[in-house]
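First the structure, in the form of structure tokens, and then the observations on it.
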Amino acid sequence: MPSIAILLAVSAAAAWAIGMTSAKPGVRYMDPVTYTVARWLLVSVLALIYALATRQLAFPGWGPVLLAAIAGFLDCTLGGLFYLLAMQRTSAYQATTLSSTAPLWGVLGAVLMLGEPLLWRVIVAAFLAIAGAVFLAERKHSVKPRAWIGGAFALITGVLWGFAETVPAKLALQGGLAPASLLLVFALSGAVGMLVLLPFLRPRIPRRVEPRGFVFVVLSAVGGAFLGWLLWLHALNLAPASVISPIRGSTLLFALFYSFIFLRERPPWRSLIGIGLVLSGIVLVSIS
31 MPSIAILLAV
41 SAAAAWAIGM
51 TSAKPGVRYM
61 DPVTYTVARW
71 LLVSVLALIY
81 ALATRQLAFP
91 GWGPVLLAAI
101 AGFLDCTLGG
111 LFYLLAMQRT
121 SAYQATTLSS
131 TAPLWGVLGA
141 VLMLGEPLLW
151 RVIVAAFLAI
161 AGAVFLAERK
171 HSVKPRAWIG
181 GAFALITGVL
191 WGFAETVPAK
201 LALQGGLAPA
211 SLLLVFALSG
221 AVGMLVLLPF
231 LRPRIPRRVE
241 PRGFVFVVLS
251 AVGGAFLGWL
261 LWLHALNLAP
271 ASVISPIRGS
281 TLLFALFYSF
291 IFLRERPPWR
301 SLIGIGLVLS
311 GIVLVSIS
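Quick note on numbering: my numbering labels position 24 of the sequence shown as 54, and the sequence is numbered without any gaps.
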């Protein structure tokens, strides 16, 4: 696998961690529906500007565009909503851990639906990434009622993210859709999808907006979503989806680093085991 693809995938993970880290304070000041719509509308504007600036705004046909829209709805609308709901209903460690099973579902989706070879190193790397996520996550006893619902939402998030990031996104790239154009369709479908679901969600999720919430929207949109997805799509364009998908597991590693630097949290000793497992998975998939 090209080393540049590995570098791009790791950089995407580092950027995605920004969005994961800022989600918890984000939903403290803004309801999940408004947060998701605002985030992906901002990403759409950034993607359009980038596509025009790089002259990548081109659509080869309805097929790749539809695949990009499906990826956006699954990842941004459904995945994003389930992740934020999980953050509201359970501890952050459980939400990030279960959603970090995405590499496993990404590998399985690429093998089963894209016909990519099932390499033993890739499977081991996927499980190393998931095991690392478990060790990296801080264990706490939840005091929230029915916390298992939040855990279920987080697991659903992992399935949606893992599938969307590999199967429809890879097929759209193979269909000739440039990364910038794919990101534009992807982000727009995520925002539009949430607007379509708005009449069904509002009775259960009332509108709640505080000005401070927009700070986290901008942070997660620019650093987490726009930059992260642009890097990931370029990596996906250079390497098989089943090979680079395990690298996504390093997202939680970066989230831990950000919390240590910016939130001044001290990671427990068990986090060192998680770091070692995630790094081992990255090294293993790099030589596969």
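Glycine included, C-beta positions come from ideal geometry on N, C-alpha and C.
Bear in mind the structure is a predicted one, so any value in this text is a computation, not a measurement.
- With contacts defined as CB atoms closer than 8 Å, residue 272 and residue 141 qualify as a contacting pair.
- With respect to the 8 Å criterion, residue 32 and residue 152 are not classified as neighbours on the basis of their beta carbons.
- By the Cβ neighbour-count rule, residue 160 is buried, with 16 or more other Cβ atoms within 10 Å of its own.
- The criterion of a C-beta distance shorter than 8 Å is not satisfied by residue 238 and residue 50.
- Excluding five sequence positions before and after residue 100, the CB atoms of its chain that fall closer than 7 Å to its own CB belong to 198, given in chain order.
- In this structure, residue 55 keeps its C-beta atom at 8 Å or more from the C-beta atom of residue 290.
- Less than 8 Å separates the beta-carbon of residue 90 from that of residue 205.
- Taking C-beta separations shorter than 7 Å and ignoring five residues to either side along the sequence, the partners of residue 211 in its chain run 81, 86, 87, 88, 89, following chain order.
- Taking the Cα positions, residue 251 is about 18 Å away from residue 187.
- Excluding its 5 nearest sequence neighbours in each direction, residue 217 has C-beta neighbours in its own chain below 6 Å: 70, 73, 74, 77, listed in chain order.
- Looking from the CA of residue 119, the closest CA among 156, 180, 196, 110 belongs to 180.
- One thing to note: residue 194 has its Cβ no nearer than 8 Å to the Cβ of residue 261.
- By the neighbour-count criterion, in which a residue is buried when 16 or more other Cβ atoms sit within 10 angstroms of its Cβ, residue 112 is buried.
- Proximity to residue 190 across 225, 207, 138 peaks at 138, based on C-alpha coordinates.
- Beta bridge pairing from DSSP links residue 239 with 60.
- In the three-state reduction of the DSSP assignment, residue 87 falls in the coil class, being assigned neither a helical nor a strand state.
- The Cβ atoms of residue 224 and residue 127 do not sit closer than 8 Å to each other.
- Cβ contact annotation for residue 68 (same chain, cutoff 6 Å, sequence separation greater than five): 247, in chain order.
- In this structure, DSSP gives residue 146 a state outside helix and strand, which the three-state scheme calls coil.
- Counting along the chain, the unbroken alpha helix (DSSP H) around residue 291 starts and ends at 281-292.
- Around the CB of residue 196, 16 or more other CB atoms lie within 10 Å, so the residue is classed as buried.
- Distances from the CA of residue 235 to each of 254, 114, 84, 308 were compared; the closest alpha carbon is that of 114.
- Here residue 227 is actually not in contact with residue 64; their C-beta atoms are around 13 Å apart, not less than 8 Å.
- Around the Cβ of residue 257, a 10 Å sphere holds 16 or more other Cβ atoms; the residue is buried.
- A check of alpha carbon separations from residue 183 across 253, 300, 109 identifies 109 as the nearest.
- For the pair residue 192 and residue 135, the CB atoms are nearer than the 8 Å cut-off.
- Take residue 42, set aside five residues on each side of it, and the residues of its chain with a beta-carbon closer than 6 Å to its own are 258, 261, 262, in chain order.
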